[in-house]
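In what follows, a single structure is set out as structure tokens and then discussed.
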Ligand code: ASP
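What follows is the structure in structure tokens.
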């Protein structure tokens, strides 16, 4: 964080303590470039009727806090990490404490974070004892040398960087009788014009131990580039990897000049839609602060907020985009 951003984040914390969205305090010059900001989250795609499990309220509270922080000049990178971390700790989603168990009844988590300003990225996969996989991903990114760390040795490395370790008993380890997704993701555009994205998951139903999905794969389950937009995915990860979904959407916008919602629609409905079991969903923000959310199955736990719109959350029918800019 820059010094200006630390001061701004401090003001944001004060607003949080008060609890309501108040007019933003004076913003450090570095982050006063634009009034516009936006944030969007998902709590997993829904492939069949799924208990809501308090996810909507968790998302609404996270969006309200993020909105205050962004208004005060916090960086998109800090905001997406904080939101995803909160979802991981809540135990309500398939991420962090609430991550689903694999076929051996073990929790193995994957997560990623990407900074659209620098195209720096960090990711972890097959973590067994990391409390907050998204923070471990951030530590990998900030360390700067590598992007993706996996398994026992990756875990030892993120521990050496300061990631908190927990015993296996920390995880709730739900073994669902039905497909239970609930991967989490967040994308934000801050008042500096910077976009960041993060994704965190326990993976896909009854995955084989050692399997890694799209969530920690840059260009598949996460992507951010200030020149285009930012994205976080949920769904059948193998297809998101094979079709490089997040990067394909970004490329459609960059090279074919497709608008955000149209680019996302092409990937989620046409490309994934060509496969029988390629259920999936995506959230995105473009460089102008437009938000879109799309899915090809039953729904997606989702929500967004912008400088001009208070938090909105939904699971099935409901908004699929923000008010156009
Ligand atoms: N995409 C995640 C994975 O395949 C799972 C999900 O989003 O439900 O690991």
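In my numbering, the protein residues as written are 3 to 327. Glycine included, C-beta positions come from ideal geometry on N, C-alpha and C.
In the structure shown, the three-state DSSP call for residue 167 is strand. Inter-segment contact for the segment 136-154 and the segment 104-119 is present: three or more beta-carbon pairs are separated by less than 8 Å.
Distance from the CA atom of residue 78 to the CA atom of residue 72, rounded to whole angstroms, is 7 Å. Remark: the C-beta of residue 301 is outside contact range of the ligand ASP, defined as less than 6 Å to any heavy atom. Per DSSP, the unbroken alpha helix (DSSP H) holding residue 137 starts and ends at 135-145. Contact annotation: the segment 37-51 touches the segment 182-192, with at least three C-beta pairs closer than 8 Å. Selection 289, 141, 236 evaluated against residue 259 yields 289 as nearest (Cα-Cα). Exclusion of the five residues before and after residue 148 leaves 142 as the residues of its chain whose Cβ lies within less than 7 Å of its Cβ. Counting along the chain, the unbroken beta strand (DSSP E) around residue 304 starts and ends at 301-308. The beta carbon of residue 301 is closer than 7 Å to those of 48, 317, 318 in its chain, skipping five residues each way along the sequence.
With a cut-off of 8 Å on Cβ pairs, the segment 240-250 is in contact with the segment 267-274, counting three or more such pairs.
The alpha-carbon of residue 62 is positioned some 27 Å away from that of residue 119. Residue 241 has its CB no nearer than 6 Å to any heavy atom of the ligand ASP. DSSP places residue 47 in the uninterrupted beta strand (DSSP E) bounded by 40-48. Nearest to residue 99 by alpha-carbon distance, out of 204, 152, 107, is 204.
With respect to residue 283, residue 323 sits apart: the two C-beta atoms are not nearer than 7 Å. In the three-state reduction of the DSSP assignment, residue 124 falls in the strand class, which pools E and B.
Considered as a whole, the segment 42-117 harbours 57-73, 78-92 as its complete alpha helix (DSSP H) runs of no fewer than 4 residues, in chain order.
With fewer than 16 other CB atoms across the displayed protein chains lying within 10 angstroms of its CB, residue 170 is exposed. A Cβ-Cβ contact shorter than 7 Å links residue 303 with residue 46. In chain order, 134, 136, 137 place their CB closer than 7 Å to the CB of residue 87, counting only its own chain and leaving out the 5 sequence neighbours on each side. Taking a C-beta distance under 7 Å as the contact criterion, residue 255 and residue 265 qualify as a contact pair. DSSP places residue 288 in the uninterrupted beta strand (DSSP E) bounded by 282-288.
The beta carbon of residue 277 is closer than 8 Å to those of 241 in its chain, skipping five residues each way along the sequence. In terms of Cα proximity to residue 298, the closest of 145, 167, 50, 211 is 50. Taking the C-beta atoms as reference points, residue 109 is found nearer than 7 Å to residue 173.
In the DSSP assignment, residue 241 falls within the unbroken alpha helix (DSSP H) covering 239-244. Between the beta-carbon of residue 202 and that of residue 97 there is about 4 Å, and that keeps the pair under the 8 Å contact cut. Looking only at 186, 89, 57, 209, the smallest Cα-Cα distance to residue 128 is reached by 209.
For the options 306, 279, 314, 275, the alpha carbon positioned closest to that of residue 285 is the one of 306.
Relative to the ligand ASP, the beta carbon of residue 185 is positioned inside 6 Å of a heavy atom. Counting the other Cβ atoms within 10 Å of the Cβ of residue 121 gives fewer than 16, which makes it exposed.
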